[in-house]
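Converting from the sequence shown to our numbering requires adding 11 to each position, the first position being numbered 1. By construction, the Cβ of each residue, glycine as well, lies at the ideal position given by its N, Cα and C atoms.
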Amino acid sequence: MKELIERALDAAERGGASYADVRVVERETEQLTVKNGALEAATSTVSAGFGVRVLVEGAWGFSSSREMHTTEAERIGREALEIARASAIAHRVPVELDATPPVTDRYRTPYDEDPFAVSLDDKLRILMDADAAMARVAGVAIREGNLSSGRETKTFASSAGAWIEQEIVESGGGIDATAVNDSELQQRSYPNSFGGQMVTGGFEAVRALDLAGHAQETAELAVALLDAPQCPSGEMDLVLDATQVALQIHESCGHPTELDRVFGTEASFAGTSFLTTDKLGKLRYGSDLVHIDADATAPGGLGTFGYDDEGVPAQNVPLIEGGMLVGYLTSRETGPRIGRQSMGSARAWSWNHIPLIRMTNINLRPGDAGSLEDLIADTRDGIFMSINKSWSIDDRRLNFQFGDQAGWIIKNGRRTQLVKNPTYTGITPRFWGSLDAICSPSEWTLWGLPNCGKGEPMQIGHVGHGAAPARFRGVKVGVGRW
Ligand SMILES: [Zn+2]
């Protein structure tokens with residue numbers, strides 16, 4: 012592999028590149044789905060190859076191949092050069108990289124139990140036990156459970172002298188119960204609706220989820236939702252569970268702080284931002300309780316790594332401090348445009364993709380409002396919503412509507428009537444401005460979001476969001492039908 016990398020870098024430099032980097036990546040995945048007591052899908056994939064990125068006359072060129080040998084490395088290096096030269100003609104602002112020093116290092120996800128070493132039987136038993144527990148609840152039409160494992164081994168090397176080897180291991184799982192009657196369908200998921208909880212770590216994280224132990228209440232709630240009244244409409248105090256806070260962060264803080272999106276170079280997938288750079292240090296984004304960090308070092312986060320795909324070390328950087336906008340997600344190319352070094356959030360989905368600015372773990376710091384029950388007890392009248400069902404947000408990430416799987420009316424500090432199809436709407440800074448309580452660290456979970464799409468061609472992103480339940484005052488609540 013060393014020779015392949017050296018040949019590619021050499022070809023790029025001899026051809027006139029001012030900078031070049033090579034990533035050799037192998038990604039292995041395994042996914043198991045059990046549906047209504049039967050194995051529905053068992054897929055495993057391995058994808059390996061390398062990508063060469065070069066900078067010529069201030070323009071990027073990129074090419075990639077799955078044929079891992081030295082003559083191919085040279086050919087791909089030259090092809091990347093040609094692409095860079097062609098795009099240099101049309102290029103407006105020449106790319107300038109920050110001064111991140113080249114590093115030689117290794118990083119490996121810490122874990123106890125290798126998810127690929129756990130037998131298929133063991134994995135199936137976990138899913139079948141959860142399925143059986145859901146099946147004991149009358150009225151559940153569709154029962155589903157899934158487990159997923161991933162391992163990415165990659166080597167990053169640059170013409171500046173960086174050499175970084177990483178092994179990222181991922182594990183996750185979750186269950187869904189769907190109840191149906193003549194007129195509608197209601198679903199309840201555990202522990203979230205992101206396809207399960209996924210972390211960087213070993214299979215111990217899956218065992219800790221105790222899917223079977225939560226299966227019955229998950230199924231019972233799906234059935235109960237069928238007969239629940241519709242969510243009332245009006246302005247009220249809103250308590251969100253940690254998973255919904257996580258998605259709220261993702262859509263209304265994570266995406267709009269991606270600096271390539273801010274600069275308009277990434278306009279696909281609802282792709283601009285209201286957080287323009289003239290607002291840095293000046294915009295009140297939320298109440299003074301709102302502290303949101305981009306933390307690629309958080310243990311177990313799905314957006315946790317040693318180095319990003321430009322060789323920048325993982326960092327913990329504030330985006331919102333005391334409610335004020337103080338930072339962005341940056342790359343080596345965009346950081347200097349706001350007078351900063353990259354904070355290390357450029358990642359590529361695979362060997363055949365160029366790195367884009369991707370969220371790391373975008374975390375809302377916990378507060379001091381105690382447990383979820385304490386927060387509800389402290390809320391006179393309002394509504395508690397749990398687990399996302401739908402979302403929509405405008406192009407600039409300003410106006411949004413979220414729907415959740417379940418809501419409960421809060422009356423005199425008590426969780427009372429279950430209601431179905433709850434939704435809430437808001438305008439990003441006003442909504443975060445209405446936040447007046449966040450639960451304590453014991454309620455804080457670092458959720459993994461394994462399906463963030465961005466770019467053209469589309470790249471998947473694995474990102475994380477740490478959150479605790481939180482309360483927002485005077486939010487517009489209503490009913491949605493999906
Ligand atoms: Zn996303």
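Within 10 angstroms of its Cβ, does residue i collect 16 or more other Cβ (buried), or is it exposed?
| i | result |
| --- | --- |
| Val474 | buried |
| Met145 | buried |
| Asp299 | exposed |
| Arg425 | exposed |
| Leu50 | exposed |
| Leu383 | buried |
| His80 | exposed |
| Pro468 | exposed |
| Arg64 | buried |
| Lys134 | buried |
| Pro366 | buried |
| Val57 | exposed |
| Asp320 | buried |
| Ala31 | buried |
| Arg199 | buried |
| Ser397 | buried |
| Arg25 | exposed |
Should residue i be listed as close to ligand 1, given that the test is whether its C-beta is under 6 Å from any heavy atom?
| i | result |
| --- | --- |
| Cys463 | yes |
Under a three-way DSSP split, which group does residue i fall into?
| i | result |
| --- | --- |
| His302 | coil |
| Met396 | strand |
| Trp458 | strand |
| Pro347 | helix |
| Lys293 | coil |
| Asn157 | strand |
| Leu313 | coil |
| Thr166 | strand |
| Thr211 | strand |
| Pro267 | helix |
| Lys487 | strand |
| Glu494 | No statement about residue 494 is possible, as the shown extent of the chain runs from 12 to 493 and does not include it. |
| Val328 | strand |
| Val273 | helix |
| Leu249 | strand |
| Val33 | strand |
| Arg147 | coil |
| Asp125 | coil |
| Val217 | helix |
| Val323 | coil |
| Ala190 | strand |
| Ala478 | strand |
| Met12 | coil |
| Pro141 | Checking the sequence, you will find Ala at residue 141 rather than Pro. Ala141: helix per DSSP, three-state reduction. |
| Ala171 | coil |
| Ala152 | strand |
| Glu24 | helix |
| Glu498 | What the structure shows of the chain is the stretch from 12 to 493, and residue 498 is not part of that stretch, so it cannot be assessed. |
Hey, out of the options, whose CA is closest to residue i's CA?
| i | options | result |
| --- | --- | --- |
| Leu375 | Gly297, Leu386, Phe167 | Gly297 |
| Gly292 | Tyr339, Asn327, Gln326, Ser353 | Tyr339 |
| Gln494 | His364, Arg147, Glu195 | In the structure as shown, the chain begins at 12 and stops at 493. Residue 494 is therefore absent and cannot be evaluated. |
| Trp443 | Asn372, Arg484, Ala95, Ser74 | Arg484 |
| Ile179 | Ala188, Ala190, Ile186, Thr164 | Thr164 |
| Ala257 | Asn47, Pro377, Leu108 | Pro377 |
| Ile394 | Val430, Glu262, Arg369, Met370 | Val430 |
| Phe214 | Gly161, Leu249, Ala223 | Gly161 |
| Thr287 | His302, Leu270, Arg295 | Leu270 |
| Ser182 | Val337, Leu43, Thr345 | Leu43 |
| Thr40 | Ala70, Phe127, Gly27 | Phe127 |
| Arg369 | Thr345, Arg391, Gly381, Thr390 | Thr345 |
| Thr264 | Gly334, Phe205, Gly224, Asn327 | Checking the sequence shown, residue 264 turns out to be Cys, not Thr. Measuring from the Cα of Cys264, the nearest candidate turns out to be Gly334. |
| Glu332 | Thr308, Ile303, Val35 | Ile303 |
| Val210 | Lys400, Asp389, Phe316, Gly381 | Phe316 |
Starting from the N-terminal side, write out each stretch of the alpha helix (DSSP H) that is 4 residues or longer and does not extend beyond the region 220 to 247. 222 to 238
Complete alpha helix (DSSP H) runs within the region 39 to 115 (minimum length 4 residues, chain order): 81 to 101
So within the region 408 to 456, which uninterrupted alpha helix (DSSP H) runs reach at least 4 residues, ignoring any that extend past its ends? 439 to 444
Whole runs of the alpha helix (DSSP H) within the region 331 to 392, excluding any shorter than 4 residues: 383 to 388
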